[in-house]
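Visitor:
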Amino acid sequence: MAWIPYPVNTVIKIVEMFSFFQVNYEKTFSFEGEMHPFWECLYVLKGSISVSADDRLYDLNEGDIIFHKPLEMHKFDVTSDGVTSLIVFTFNAEGELVNHFFDKVYNLSKEQKRIIYELIDYAKSKIEDHDYTKLFAYLFLDQFKNNRFYSQVVASYIERLMISLADDGLETSVSDSHDSILFGKAVAYMNEKILENPSIYEIARHVGTSSASLKRIFSKHTSLGVHKFFLILKLKSAAEMLSYGATVTEVADKFNFSSQGYFSKVFKKELGVNPSAYSKER
Numbered sequence: 000m001a002w003i004p005y006p007v008n009t010v011i012k013i014v015e016m017f018s019f020f021q022v023n024y025e026k027t028f029s030f031e032g033e034m035h036p037f038w039e040c041l042y043v044l045k046g047s048i049s050v051s052a053d054d055r056l057y058d059l060n061e062g063d064i065i066f067h068k069p070l071e072m073h074k075f076d077v078t079s080d081g082v083t084s085l086i087v088f089t090f091n092a093e094g095e096l097v098n099h100f101f102d103k104v105y106n107l108s109k110e111q112k113r114i115i116y117e118l119i120d121y122a123k124s125k126i127e128d129h130d131y132t133k134l135f136a137y138l139f140l141d142q143f144k145n146n147r148f149y150s151q152v153v154a155s156y157i158e159r160l161m162i163s164l165a166d167d168g169l170e171t172s173v174s175d176s177h178d179s180i181l182f183g184k185a186v187a188y189m190n191e192k193i194l195e196n197p198s199i200y201e202i203a204r205h206v207g208t209s210s211a212s213l214k215r216i217f218s219k220h221t222s223l224g225v226h227k228f229f230l231i232l233k234l235k236s237a238a239e240m241l242s243y244g245a246t247v248t249e250v251a252d253k254f255n256f257s258s259q260g261y262f263s264k265v266f267k268k269e270l271g272v273n274p275s276a277y278s279k280e281r
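This is the structure we're talking about:
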């Protein structure tokens with residue numbers, strides 16, 4: 000009898016994790032925001048939050064999950080009156096399915112929620128200190144170095160969830176609030192003018208609002224000023240050019256920085272890595 004091998008098609012593989020925890024926040028809590036060169040996933044176990052992700056705003060409730068792609072600016076504010084409980088994990092992944100999760104937000108089905116609950120139950124069962132009430136957050140990464148099976152089990156749950164979402168996930172739309180519409184238009188205009196330096200007044204006029212209102216929207220939803228946000232957009236576009244093989248000098252000139260040295264200094268300060276090192280990594 001001839002045996003015919005059927006290769007396993009690995010569409011997604013979690014290769015490393017940077018954080019994995021459950022945390023509770025009281026009402027009015029505001030996370031100032033961040034950006035990093037790896038994926039982040041945030042799941043709402045209980046309560047509700049308002050999330051910004053680059054040029055998009057979302058209102059997330061219990062059962063919703065958002066994927067923040069690498070170098071995506073993101074922040075959130077708790078909007079529910081009671082305690083809001085979140086699951087957060089950050090990771091790098093490989094496989095053809097990875098890019099599917101760019102700009103994706105889902106409302107989980109009963110079966111998909113069960114995967115999350117099983118993951119959390121498993122992680123909590125491996126924590127040695129079971130007096131969770133003393134903890135601000137349940138930190139689930141310690142067992143990566145203490146239990147040789149733990150990391151693969153955790154990764155398998157996350158991979159299973161992502162495959163389920165890609166196969167049969169219910170996507171959630173961006174917020175339709177007035178702020179969301181103006182914010183999206185403003186960021187789109189900034190991207191159009193990415194090689195220029197439009198003023199706050201010019202951006203505000205283009206989207207049909209006042210300079211004061213534009214500043215308020217950016218402060219509320221990004222914790223950044225309009226000019227700082229625009230600088231980050233420039234640097235992200237610069238990073239994309241570097242990833243396609245452009246030299247640091249070419250990129251600095253393209254985006255009208257006064258010198259290569261100044262560009263490198265700003266790039267390192269805001270993105271956490273030298274542009275030359277970033278280019279080599281890609």
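Counting with numbering that gives the first Met the number 0, you get residues 0 to 281 for the letters of the sequence shown. The beta-carbon is built from N, C-alpha and C at its ideal position, and this holds for glycine as well.
I want to know whether the segment 144-154 touches the segment 95-114 - three or more CB-CB distances under 8 Å.
Guide: Flag = no, the segment 144-154 and the segment 95-114 do not touch.
Visitor: When the Cα atoms are used, what is the spatial distance from HIS220 to PHE228?
Guide: Going from the Cα of HIS220 to the Cα of PHE228 covers about 11 Å.
Visitor: Looking at ILE86: is its Cβ nearer than 9 Å to the Cβ of TYR42?
Guide: Yes. Within cutoff.
Visitor: On the DSSP bridge list, what partners appear for PHE88?
Guide: According to DSSP, PHE88 bridges with PHE19 and CYS40.
Visitor: With 16 as the cutoff for other CB atoms within 10 Å, does SER51 come out buried or exposed?
Guide: By the 10 Å Cβ count, SER51 comes out buried.
Visitor: Tell me, to the nearest whole angstrom, how far the beta carbon of MET16 is from that of GLU71; I am working on the premise that it is less than 8 Å.
Guide: With 8 Å as the limit, MET16 and GLU71 do not qualify as a contact, their Cβ atoms being about 18 Å apart.
Visitor: Anyone know if the C-beta pair for ALA251 and PHE262 falls short of 9 Å?
Guide: Yes, they are a contact pair.
Visitor: Among ALA92, PRO274, ILE216 and GLU201, which has the Cα closest to the Cα of GLY244?
Guide: Out of ALA92, PRO274, ILE216 and GLU201, PRO274 has the C-alpha closest to the C-alpha of GLY244.
Visitor: Does VAL225 pass the burial test, meaning 16 or more other C-beta atoms within 10 Å, or should it be called exposed?
Guide: It counts as buried.
Visitor: I need the straight-line Cα distance from LEU59 to GLY260, nearest angstrom please.
Guide: Their backbone Cα atoms lie some 42 Å apart in a straight line.
Visitor: Buried or exposed for LYS268, going by 16 or more other Cβ atoms inside 10 Å?
Guide: Looking at its Cβ environment, which holds fewer than 16 other Cβ atoms inside 10 Å, LYS268 is exposed.
Visitor: If you draw a straight line from the alpha carbon of VAL97 to that of TYR5, how long is it in whole angstroms?
Guide: Their backbone Cα atoms lie some 23 Å apart in a straight line.
Visitor: Any contact of the segment 167-176 with the segment 197-216, i.e. 3+ C-beta pairs under 8 Å?
Guide: They do not touch, by the three-pair rule.
Visitor: Measuring alpha carbon to alpha carbon, tell me which residue in HIS73, LYS45, GLY32 and LYS184 is nearest VAL82.
Guide: Answer by Cα proximity: LYS45.
Visitor: Can you tell me where the beta strand (DSSP E) with ASP63 in it begins and where it stops?
Guide: Looking at the DSSP string, the run of the beta strand (DSSP E) that includes ASP63 is 63-67.
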